[in-house]
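The numbering used here puts the first residue of the sequence shown at 2, with every later residue one more than the last. To keep things clear, I will list the structure first and then write my remarks on it.
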Amino acid sequence: MPTVDPETVIGVRTPQLRKLAAALYKEAAVNGRDDWEQHEPVAEFLNTLPHLYYEENNLHGFLIEKIGDFDRAVSALERFLPYIDNWATCDSTSPKVFKKHLPELYLLVKKWIASDQTYTVRFGTGMLMRFFMEDAFVPEMPEMVAAVSSDEYYINMMRAWYFATALAKQREAVMPYFTEQRLDTWTHNKAIQKCIESYRISDEDKALLRQLRIK
Numbered sequence: 002m003p004t005v006d007p008e009t010v011i012g013v014r015t016p017q018l019r020k021l022a023a024a025l026y027k028e029a030a031v032n033g034r035d036d037w038e039q040h041e042p043v044a045e046f047l048n049t050l051p052h053l054y055y056e057e058n059n060l061h062g063f064l065i066e067k068i069g070d071f072d073r074a075v076s077a078l079e080r081f082l083p084y085i086d087n088w089a090t091c092d093s094t095s096p097k098v099f100k101k102h103l104p105e106l107y108l109l110v111k112k113w114i115a116s117d118q119t120y121t122v123r124f125g126t127g128m129l130m131r132f133f134m135e136d137a138f139v140p141e142m143p144e145m146v147a148a149v150s151s152d153e154y155y156i157n158m159m160r161a162w163y164f165a166t167a168l169a170k171q172r173e174a175v176m177p178y179f180t181e182q183r184l185d186t187w188t189h190n191k192a193i194q195k196c197i198e199s200y201r202i203s204d205e206d207k208a209l210l211r212q213l214r215i216k
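If you want it as structure tokens, here you go:
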């Protein structure tokens, strides 16, 4: 995580942070509280931004994941997004309630992808990849990701990951982005690399993609 100051990393592993989030949720949700995230000390922690430590940011994301009300989860997430400063925290945060509210989520994804904040754009693209690759997929989604213009490595790496995944899930809609070279050169080649490394892409398509690399 080159964007993170090593002095801010304690060394607590992700499974332990998830256990801590579960324990805090259980303690705060005693008696079936619907608004458990407003219970102290959880509320104090969620309202204290920015955090000092990398693990605090991850714990923050894991707590947001447990919020069962869509609007409250979005509110908590949008307070948090500007403070995300690394790919790992960004990619590990995924509120479970989102899958039940895909139309509303898609409107938010459009806003996030248009942001000027690196990890907000990455997060929005990640939500497209996580929740909109099957029945909820529409052709305008890869168009939106392709239209992103950025020099940020962590945005373009996610864009490449998106297109590699989308090719595996929605081949007919996505292959033209490779054959017609609709992506910038770096993202095009990185997406091809990820496709070739993927077990979900056929050998025939991998052979074709090797020929489509831009030198």
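We treat Cβ as the ideally placed atom computed from N, Cα and C, and that holds for glycine. This structure is a prediction, so every number in the text was calculated from the model and none was measured.
As assigned by DSSP and simplified to three states, the class of residue i
i           : result
residue 199 : coil
residue 67  : coil
residue 49  : coil
residue 173 : helix
residue 143 : helix
residue 194 : helix
residue 20  : helix
residue 93  : helix
residue 115 : coil
residue 79  : helix
residue 41  : coil
residue 208 : helix
beta-carbon residue i near the ligand ATP non-hydrogen atom, thresh 7 Å
i          : result
residue 98 : Absent from the structure shown: the ligand ATP. Ligands present: none.
Test item: CB-CB of residue i and residue j under 8 Å
i           : j           : result
residue 126 : residue 172 : no
residue 165 : residue 207 : no
residue 120 : residue 91  : yes
residue 38  : residue 73  : yes
residue 65  : residue 77  : yes
residue 130 : residue 162 : yes
residue 190 : residue 214 : yes
residue 149 : residue 122 : yes
residue 67  : residue 115 : no
residue 111 : residue 145 : yes
Cβ shell of residue i (< 8 Å), same chain only, five flanking positions each side left out
i           : result
residue 101 : 71
residue 35  : 69, 70
residue 93  : 15, 59, 62, 63
residue 182 : 189, 213, 215
With 16 other Cβ atoms within 10 Å as the buried cut-off, status of residue i
i           : result
residue 4   : exposed
residue 108 : exposed
residue 180 : exposed
residue 29  : buried
residue 192 : buried
Close beta carbons around residue i, own chain, < 7 Å, minus the five adjacent residues each side
i          : result
residue 89 : 2
residue 18 : 56, 59, 60, 63
Residues near residue i in its chain [Cβ-Cβ closer than 6 Å; skip 5 each side]
i           : result
residue 201 : 169
Contact with chain D by residue i, beta-carbon distance below 8 Å
i          : result
residue 76 : Given the protein chain composition of this structure (a single chain), no chain D is represented.
For residue j and residue i, believed in contact at Cβ under 8 Å, the rounded distance
i           : j           : result
residue 147 : residue 184 : 6 Å
residue 132 : residue 103 : 6 Å
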